[in-house]
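According to our numbering, the residues represented by the sequence shown are 1 to 122, in order.
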Amino acid sequence: ELSPHLLNFFPFKNPDGTLDEAQLKIHARKVLGTFQMVMNLFGSLEILENQLTQLIRKHVSYGVQQHHYGILVAAIIRAVSMVMGDDFTSELEGSLNTVLGVLPTVAEKVYAEMEAEKLAEQ
């Protein structure tokens, strides 16, 4: 809902062009697994950064751009808010922004490194 055009990145589509729900659920589980990894490794930032760097570099080949990571963070926080309803507090939102904020931060670094690598090859 936040950025419908991003659905074009997902290759698992039905013949009518809609997303294959089963494949979308599998992908959602992977995203939640990454979310759990971020939470678990938040105290080990060097390890977390290495893991996220690999994942971000992989997603570059799919056409994912640096600014998409901020959209992902907003979507995750929105989903948590919807699930929790009235139990979702501003403190929780702030904590999620702090923890998940590592994604766009690492993405910025990775994209800068990749740009520097590209320039060095020229």
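Don't be surprised by glycine CBs; every beta carbon is placed ideally from N, CA and C.
Small disclaimer: the values here were computed from a predicted structure and weren't measured.
| Check | Outcome |
| --- | --- |
| From which residue to which residue does the alpha helix (DSSP H) around residue 13 run? | Careful: residue 13 lies outside any alpha helix (DSSP H) and carries neither H nor E. |
| Name, in chain order, the residues that DSSP records as bridge partners for residue 19. | 13 |
| What does the alpha-carbon distance come out to for the pair residue 121 and residue 111? | 15 Å |
| Quick one, are the C-beta atoms of residue 69 and residue 96 less than 8 Å apart? | no |
| Classify residue 56: buried if its beta carbon has 16 or more other beta carbons within 10 angstroms, exposed otherwise. | buried |
| Would the stretch 23–33 and the stretch 5–14 be scored as touching if the rule is three or more Cβ pairs under 8 Å? | yes |
| Distance, Cα to Cα, residue 64 vs residue 85? | 30 Å |
| Taking C-beta to C-beta, are residue 66 and residue 107 nearer than 8 Å? | yes |
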